[in-house]
Amino acid sequence: AQSVTQLGSHVSVSEGALVLLRCNYSSSVPPYLFWYVQYPNQGLQLLLKYTSAATLVKGINGFEAEFKKSETSFHLTKPSAHMSDAAEYFCAVMPKTGTASKLTFGTGTRLQVTL
Amino acid sequence: EPEVTQTPSHQVTQMGQEVILRCVPISNHLYFYWYRQILGQKVEFLVSFYNNEISEKSEIFDDQFSVERPDGSNFTLKIRSTKLEDSAMYFCASSEALASGTIYEQYFGPGTRLTVT
């Protein structure tokens, strides 16, 4: 079974600082990987996805993530945090094999951005 | 921009009552999903639906749950006899298709917060 682990339930950064949100996956076959963001009282919005093309994936709002098979990781980064980035971020996996298209989510990381 | 909508935004019900959560997926999408998020926990998959039948369901999706696409636009989740532990945020999602080798984004609705008292 696939799973995803997000290290750090809460991350706090200063405005303008680097954002690094960690995600590690567990799967016998490298899966498809996603980062979603959830702003307060809103649904989940896709930030970016890895589908076995380029290992460095660029998403919306200046975020990017790099797939590292050797580390089974898909960490999310942004060079300079903005106040509007404060939200909950979820890493998710989807299996490449079989017919299942469900997303398996991590527990989420709440990003706080301070002045 | 097209979006998935869900109604109601908040539903309060008494234990043992039936509830129906409604979703309107994006119009050209063919796959539909329900997920839930118990407060403080991760988002969990419940069920996927394609071509008027369930494609996959999780262990959570027991006989108390059912899904239906009653017309060309709505997609509903019914809980027949609610329990306290059904209290959660329920998210509907839809995607265009599941063609082999192609991954389509799942678009999520804003959720329905279900409170069972």
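Which chain is which? The protein sequence lines are C and X, in order.
For the first sequence, position 102 (counting from the first letter as 1) is numbered 102 according to my numbering, and the numbering increases by one without interruption.
For the second sequence, position 40 (counting from the first letter as 1) is numbered 40 according to my numbering, and the numbering increases by one without interruption.
A virtual CB, placed ideally from N, CA and C, is assigned to each residue, including glycine.
Across which residues does DSSP place residue i in a beta bridge pair?
i, result
"C:Thr104", "C:Val93"
"X:Thr115", "X:Val12"
"C:Phe74", "C:Phe67"
"X:Met89", "X:Gln37, X:Arg113"
"C:Ala87", "C:Leu111"
"X:Glu56", "X:Ser48"
"X:Ile122", "This structure cannot speak to residue 122 of chain X, because chain X is shown only from 1 to 117."
Going along the chain, which residues of its own chain have a beta-carbon closer than 8 Å to the beta-carbon of residue i, five neighbours each way excluded?
i, result
"X:Arg69", "Phe32, Phe49, Asn52, Phe75, Thr76"
"C:Gln112", "His10, Val11, Ser12, Val13, Ala86"
"X:Ser66", "Leu77, Lys78, Arg80"
List, in order along the chain, the chain C residues whose C-beta lies closer than 7 Å to that of residue i?
i, result
"X:Val67", "Under the 7 Å cutoff, chain C gives no residues; its nearest Cβ is about 14 Å from X:Val67."
"X:Phe108", "Gly43, Leu44"
"X:Tyr31", "Ser101"
"X:Gly111", "Gly43"
"X:Ser94", "Going along chain C, no residue has its Cβ under 7 Å from X:Ser94, so there is no contact; the nearest lies around 11 Å."
Ordered along the chain, which non-local residues of its own chain (more than five positions away) have a Cβ less than 7 Å from that of residue i?
i, result
"X:Val116", "Thr13, Met15, Thr82, Lys83, Leu84, Asp86, Ser87"
"C:Lys69", "Pro30"
List, in order along the chain, the chain X residues whose C-beta lies closer than 9 Å to that of residue i?
i, result
"C:Phe74", "Residues of chain X passing the Cβ test: none, with the nearest at roughly 14 Å."
"C:Gln112", "The contacting residues do not exist; C:Gln112 stays about 17 Å from chain X at best."
Run down chain C in chain order and give the residues with a C-beta less than 9 Å from the C-beta of residue i.
i, result
"X:Phe61", "Within chain C, no residue comes near X:Phe61; the closest Cβ sits about 11 Å away, beyond 9 Å."
"X:Phe91", "Gly43, Leu44"
In chain order, what residues of the same chain lie with their CB nearer than 6 Å to the CB of residue i, ignoring the 5 residues before and after it?
i, result
"C:Phe105", "Phe90, Ala92"
"C:Arg110", "His10, Glu88"
"C:Leu103", "Ala92, Met94"
List the residues of chain X whose Cβ lies closer than 7 Å to the Cβ of residue i, in chain order.
i, result
"C:Gln2", "Within chain X, no residue comes near C:Gln2; the closest Cβ sits about 11 Å away, beyond 7 Å."
"C:Phe117", "For residue 117 of chain C there is no data in the structure shown, the boundaries of chain C being 1 and 115."
Residue j and residue i - do their beta-carbons sit closer together than 8 Å?
i, j, result
"X:Phe91", "X:Val47", "no"
"X:Tyr104", "X:Ala93", "no"
"X:His29", "X:Ser73", "no"
"C:Phe63", "C:Leu48", "yes"
"C:Met94", "C:Pro31", "yes"
"C:Phe74", "C:Tyr36", "no"
"X:Gly111", "C:Gly43", "yes"
"X:Glu3", "X:Ile26", "yes"
Name the chain X residues that come within less than 8 Å of residue i, Cβ to Cβ?
i, result
"C:Gly106", "Lys42"
- Query: Is there contact here, the segment 11 to 28 of chain C with the segment 76 to 92 of chain C, by at least three beta-carbon pairs under 8 Å?
  - Reply: yes
- Query: Does the segment 54 to 73 of chain C come close enough to the segment 1 to 9 of chain X that 3 or more CB-CB pairs lie under 8 Å?
  - Reply: no
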